[in-house]
Amino acid sequence: MQVQPKKPTNHEGFCCSHQLIIYYIHHTQNMLLSNRMLVKMGQRLAAGASSNCRHASFEISEPFKTYELPDAKMPTKASLTKEQGLQYYKDMQMIRRMETMSSNLYKEKFIRGFLHLYSGQEAIAVGMKAAMEPQDSIITSYREHGWAYVMGVEPVGVLAELTGRALGCSRGKGGSMHMYAPNFYGGHGIVGAQCPLGAGVAFAHKYLEDKGVCLTLYGDGAANQGQLYEAINMAKLWNLPCLFICENNLYGMGTSTDRSAANNEYYTRGHYIPGIQMDGMDVLAVREGTRFAMDICREGKGPIMIEAKAYRYHGHSMSDPGTSYRTREEVQKIRKSRDPINQLKSRMLDSGMASEAEFKGIDKEIKQILEAASKKAKEAPEATDLYGDLYVKNLEGKLKGTTSMDYHDHQNIGKACNLD
């Protein structure tokens, strides 16, 4: 609500004319602002009454930047169907609320150890998954819960894994940083360790000639790790179908990128491989930019480096309040102006693609799913098969436990996915 300045009168001072001008300027600004708000409300009410728009085209929020791609015609618009938009909204909102529930379970001491939340970065996982083909694969860091979900792990599988239960997607043995699913080669707890593995997965795609691309994700902190550049060298040497994707959330633990990197335009740091920078908080920009880069890789012209600029709302992990190196005002400003979920929702409301009632229905469904998943995870038995499936074929005999006198039999419970 704008504060209306008091209209000056002749007896209030010698600069009455000047004050009158200021008054009428403020008065006009307030009227224009109110009119714009009323028009927008009217548009949304009309859209909510019909929601007949099934398809729309939207401007990319921030133009893509490229490195060593002189002839690239980057997308400036993205098309969206109502069904796609509602699914993207549901997936991002599911990740956001699942992370909030994970935070609560941690505070209730159902989750122990490390917990790295993905809130604020949901558009990266959802947008990139939307660009992937069935044969594509992905490997990422320890901030992986959202990726586990979009790659097929149900919320109960994520929450049960976080709480160390046998119902978890890794049967309770992996915890927060080691979840897996078909074509999802997991999160990895060592900073940057997944990058050479991602190049290896990309090599498998090339060897199999399946036109698959491996998305290898890492954070801005890992962008300064040596093994990343070893992987880039081999990937370029063999022209592997690999996307090296830096999720730049601006802070590596408590250190801003300005203080840790001589060059924090990470999309330019592949040197002899091309790069693309995109708005990682716009799900449509992420989808279009990723699809563009993957097409290059499928043509045998990979690898490509991508920088997705985003922002994490929470601290680095649960032990980090996230306020000693940035202000609460900074976090709130980003939430208000760039939140990926609100951006998509506003676009769909303003274009008449969906109504408030439809979004509320999705929110209600998500709440019910997560409440049931949390209850099921907390009631599930704890992990027991700690020595199961350590090897596809055990050649070691008895497995050593926590002491020199502690030995266990190896158990083959599942089947290695690459033996199907």
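If you're matching positions, the sequence shown starts at 1 in the working numbering and goes up one per residue.
Using N, Cα and C, we set each Cβ at its ideal position, and we do this for glycine too.
Keep in mind it's a predicted model, so treat the numbers as computed, not measured.
Buried versus exposed, by CB contacts within 10 Å (16 or more), residue i
i    : result
P70  : exposed
L284 : buried
L162 : buried
T403 : exposed
D258 : exposed
G172 : buried
Q194 : buried
A293 : buried
S170 : buried
G187 : buried
A357 : exposed
T327 : exposed
F372 : Per the sequence shown, residue 372 should be read as Ala rather than Phe. Counting Cβ neighbours within 10 Å, A372 comes out exposed, since fewer than 16 surround it.
Y207 : exposed
R143 : buried
Y55  : In the sequence under discussion, the amino acid at residue 55 is His, which differs from the Tyr named in the question. When all chains shown are included, H55 counts as exposed.
Closest residue to residue i among the options (Cα-Cα distance)
i    : options                : result
S61  : A78, R54, K90          : A78
K236 : H314, A204, K301, A181 : K301
N264 : I190, N248, G275, N412 : N248
P241 : D279, A199, G254, G219 : A199
V213 : Y185, Q87, N52         : Y185
A223 : E365, G270, K206, A181 : G270
G152 : G164, Y142, K129, R143 : K129
G127 : I296, G289, D350       : G289
E83  : Q368, K376, S355       : S355
T81  : I341, Y118, G352       : G352
A383 : G226, A160, K336, R165 : R165
A160 : E133, H205, V201, I111 : I111
Y218 : L197, L243, G192, P381 : G192
C53  : D406, D350, A380       : D350
Y229 : F203, D406, K206, I273 : I273
D282 : T66, T76, A72          : T76
V392 : D320, K415, G401, K400 : K415
For residue j and residue i, believed in contact at Cβ under 8 Å, the rounded distance
i    : j    : result
H410 : N394 : 4 Å
G310 : I124 : For the sequence presented, residue 310 should be read as Ala rather than Gly. Contact flag correct, Cβ pair sits at about 6 Å.
M278 : F58  : Not a contact, Cβ separation roughly 15 Å.
D220 : Q135 : The Cβ separation is near 29 Å, so there is no contact.
N183 : S141 : The pair is not a contact, with the Cβ atoms about 17 Å apart (cut-off 8 Å).
G280 : Y325 : Not confirmed; about 20 Å, so no contact.
K345 : Y89  : 6 Å
Contact check, residue i vs residue j, beta carbons under 9 Å
i    : j    : result
R312 : Y267 : no
I95  : E122 : yes
V158 : H145 : yes
Q93  : I413 : no
H316 : S103 : no
L390 : M98  : no
T216 : I190 : no
I276 : I232 : no
D91  : Y149 : yes
G120 : D339 : yes
A131 : R291 : yes
L105 : K378 : yes
G175 : G113 : yes
I445 : L243 : Because the chain is modelled from 1 through 420, residue 445 falls outside the range shown and cannot be assessed.
W238 : F203 : yes
Distance cut-off 8 Å: residue i Cβ against heavy atoms of the ligand HEM
i    : result
Y391 : Judged by which ligands are present, the structure shown has none, so any question about the ligand HEM falls away.
For the region 140-188, list the alpha helix (DSSP H) runs that are entirely contained and at least 4 residues long, ordered along the chain. Counting whole runs of 4 or more residues, the region 140-188 contains the alpha helix (DSSP H) stretches 145-150, 155-162.
Runs of alpha helix (DSSP H) lying entirely within the region 266-338, each at least 4 residues, in chain order: Runs of the alpha helix (DSSP H) inside the region 266-338: 283-298, 328-338.
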